[in-house]
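The opening residue of the sequence shown carries number 20 in the numbering used here; numbering runs sequentially from there.
By construction, the Cβ of each residue, glycine as well, lies at the ideal position given by its N, Cα and C atoms.
No experiment lies behind these values; they were computed from the predicted model shown.
Okay, so here's the structure we're looking at.
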Amino acid sequence: MPEAASSQSDYGFLSRLLHRLALDYTFIAEACFDIEQMSAGEVAHDKPVFIAGLARSGTTALLTDIYATGVFRSLTYRDMPFVLMPGVWSRLSRSHGADMEKKERAHGDGILVNAESPEAFEEVFWRIFCGDRYIREDRLVPHKVGKDNLRKFRQFVASVVNAAPDARQVRYLSKNNNNLLRLPVIRRAFPDARIIVPFRDPIQQSISLMSQHRLFCERHAQDAFSLRYMNWLAHHEFGLGHKPFRFENEDVVPGADPGEINYWLAIWNNAYRHVLGTADEDTCFLCFETLCEESAAEVSRLYRWAEIPFEERTQALAFALPPAKAATGESGELVAACRQTYAEMVERNRRFRGVS
Numbered sequence: 020m021p022e023a024a025s026s027q028s029d030y031g032f033l034s035r036l037l038h039r040l041a042l043d044y045t046f047i048a049e050a051c052f053d054i055e056q057m058s059a060g061e062v063a064h065d066k067p068v069f070i071a072g073l074a075r076s077g078t079t080a081l082l083t084d085i086y087a088t089g090v091f092r093s094l095t096y097r098d099m100p101f102v103l104m105p106g107v108w109s110r111l112s113r114s115h116g117a118d119m120e121k122k123e124r125a126h127g128d129g130i131l132v133n134a135e136s137p138e139a140f141e142e143v144f145w146r147i148f149c150g151d152r153y154i155r156e157d158r159l160v161p162h163k164v165g166k167d168n169l170r171k172f173r174q175f176v177a178s179v180v181n182a183a184p185d186a187r188q189v190r191y192l193s194k195n196n197n198n199l200l201r202l203p204v205i206r207r208a209f210p211d212a213r214i215i216v217p218f219r220d221p222i223q224q225s226i227s228l229m230s231q232h233r234l235f236c237e238r239h240a241q242d243a244f245s246l247r248y249m250n251w252l253a254h255h256e257f258g259l260g261h262k263p264f265r266f267e268n269e270d271v272v273p274g275a276d277p278g279e280i281n282y283w284l285a286i287w288n289n290a291y292r293h294v295l296g297t298a299d300e301d302t303c304f305l306c307f308e309t310l311c312e313e314s315a316a317e318v319s320r321l322y323r324w325a326e327i328p329f330e331e332r333t334q335a336l337a338f339a340l341p342p343a344k345a346a347t348g349e350s351g352e353l354v355a356a357c358r359q360t361y362a363e364m365v366e367r368n369r370r371f372r373g374v375s
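This is the structure:
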């Protein structure tokens, strides 16, 4: 979830105004897309990579590592706020936003970002063109996409790659947690896509989600621009703008308390049960614990599968398992359900790794 320099203090009046114009007004965003398409040419959609996992599953670390290979184009902070016309905006803002010194993002998780860092800005496209299909007052729901918007999405991806500042960046790279709501749509748009679904121990991931929710609730209460920024990007994982994923036959009921661990355990289980039922066999389920414990070997396997250039590194990879934390008040029945879901995804990961 993007949140680098999104506080009122980080943005001047003009910058905040540009963000509002580009992201808050649907007709302006649609016009930006149309303007981009007037000059954008099609490119070969060669095996794009889509990372889609529930928040706090290592998606940003994985995005950063893949992006560092230099062969992918992903939306970056420099593309904000006119992400629907990346080529035109890059020409208009060529002298704008010289490389910032990297600083820790608002999550407080040690990940450093600057203007060149990739982030999950793709969701702006889906909010503008399909927002009424999946964004409800209190939830986000799975949705279908018609042929016209599917075509527009392919055009959008093409325009992002065409706007690459480096000629080596010929493949598209996306990290978008909301794509869990539309994995079949991604496959329809790009049959040769490499779709990666990271997952993590349910208790540890739920504790992290709850902690981030509390952190961002405090931040948003103090900084209205930060909340608007997150809502514009349709990133509702946590904070005062929180809207959980909702699926049919799920465990979470209206009125459940996001201040309790069981709320987040149910969110975790509902999301990954949905993914197990909608992701095709070509989807890679990537276990965060295995990724941290066997970094070099697991990354090598992943990169070979995704046909990503991989060089053996002498330095440590950016995947480290944080110290485990203890939960309190968790439901034994809910934990057991999560463990079963986790075991099924581990089995999918084992098949990907060729482990019998």
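Three-state secondary structure assigned by DSSP to residue i
{"i": "Ser193", "result": "strand"}
{"i": "Phe209", "result": "coil"}
{"i": "Thr95", "result": "strand"}
{"i": "Ile154", "result": "strand"}
{"i": "Pro105", "result": "helix"}
{"i": "Phe218", "result": "strand"}
{"i": "Val3", "result": "Nothing about residue 3 can be reported from this structure: the residues present for the chain run from 20 to 375 only."}
{"i": "Leu228", "result": "helix"}
{"i": "Ile47", "result": "helix"}
{"i": "Ile286", "result": "helix"}
{"i": "Leu159", "result": "strand"}
{"i": "Phe371", "result": "helix"}
{"i": "Pro184", "result": "coil"}
{"i": "Ile327", "result": "coil"}
{"i": "Val318", "result": "helix"}
{"i": "Leu252", "result": "coil"}
Residue environment, residue i, which counts as buried when at least 16 other CB atoms sit within 10 Å
{"i": "Met57", "result": "exposed"}
{"i": "Ala41", "result": "buried"}
{"i": "Glu138", "result": "buried"}
{"i": "Pro100", "result": "buried"}
{"i": "Phe209", "result": "buried"}
{"i": "Leu111", "result": "exposed"}
{"i": "Ala356", "result": "buried"}
{"i": "Pro67", "result": "buried"}
{"i": "Lys344", "result": "exposed"}
{"i": "Thr45", "result": "exposed"}
{"i": "Gln241", "result": "exposed"}
{"i": "Phe32", "result": "exposed"}
{"i": "Gly258", "result": "buried"}
{"i": "Glu256", "result": "buried"}
{"i": "Pro203", "result": "exposed"}
{"i": "Ala316", "result": "exposed"}
{"i": "Asp376", "result": "Given a span of 20 to 375 for the chain in the structure shown, any question on residue 376 remains unanswerable."}
{"i": "Leu36", "result": "exposed"}
{"i": "Arg187", "result": "exposed"}
Close-in-space but distant-in-sequence residues of the same chain around residue i (CB under 8 angstroms, 5 per side omitted)
{"i": "Glu363", "result": "Leu295"}
{"i": "Thr333", "result": "Because the pLDDT of Thr333 is 43, which lies under 50, any placement of that residue in the model is unreliable, and the number read from its coordinates should be weighed accordingly. There are no such residues."}
{"i": "Gly348", "result": "Glu279, Ile280 and Asn281"}
{"i": "Glu135", "result": "Thr95, Tyr96, Arg97 and Asp118"}
{"i": "Ala191", "result": "The question names Ala, but residue 191 in the sequence shown is Tyr. Once the five neighbours on either side are set aside, the close Cβ partners of Tyr191 are His64, Pro67, Val68, Phe91, Arg92, Ser93, Val176, Val179 and Val180."}
Contacts around residue i, its chain only, beta-carbon distance under 7 angstroms, and the 5 residues preceding and following it disregarded
{"i": "Arg367", "result": "Phe304"}
{"i": "Arg292", "result": "Thr360"}
{"i": "Ala183", "result": "Arg92"}
beta-carbon residue i near the ligand PLP non-hydrogen atom, thresh 6 angstroms
{"i": "Phe244", "result": "The model on display carries no ligand, and the ligand PLP is accordingly not part of it."}
Inter-residue CB distance, residue i and residue j (contact presumed, cutoff 8 angstroms)
{"i": "Pro342", "j": "Thr88", "result": "Not quite, the Cβ-Cβ distance comes to about 30 angstroms (not below 8 angstroms), so this is no contact."}
{"i": "Val107", "j": "Glu156", "result": "So it is not a contact: roughly 34 angstroms between Cβ atoms."}
Contact set for residue i: own chain, Cβ-Cβ below 6 angstroms, skip 5 residues either direction
{"i": "Arg219", "result": "Ser76 and Phe307"}
{"i": "Val102", "result": "Leu94, Phe140 and Val143"}
{"i": "Val160", "result": "Tyr153 and Arg265"}
Assess, as a yes-or-no matter, whether the stretch 223–230 is touched by the stretch 273–288 under the definition of 3 or more beta carbon pairs within less than 8 angstroms. In this structure the stretch 273–288 touches the stretch 223–230; the number of beta carbon pairs closer than 8 angstroms is three or more.
Could you say if the stretch 192–208 and the stretch 43–54 meet the contact criterion of at least three C-beta pairs nearer than 8 angstroms? Pairwise C-beta distances place the stretch 192–208 out of contact with the stretch 43–54, as fewer than three of them are shorter than 8 angstroms.
Between the stretch 310–326 and the stretch 234–253, are three or more C-beta pairs nearer than 8 angstroms? Taking a contact to require three or more Cβ pairs closer than 8 angstroms, the stretch 310–326 and the stretch 234–253 do not qualify as touching.
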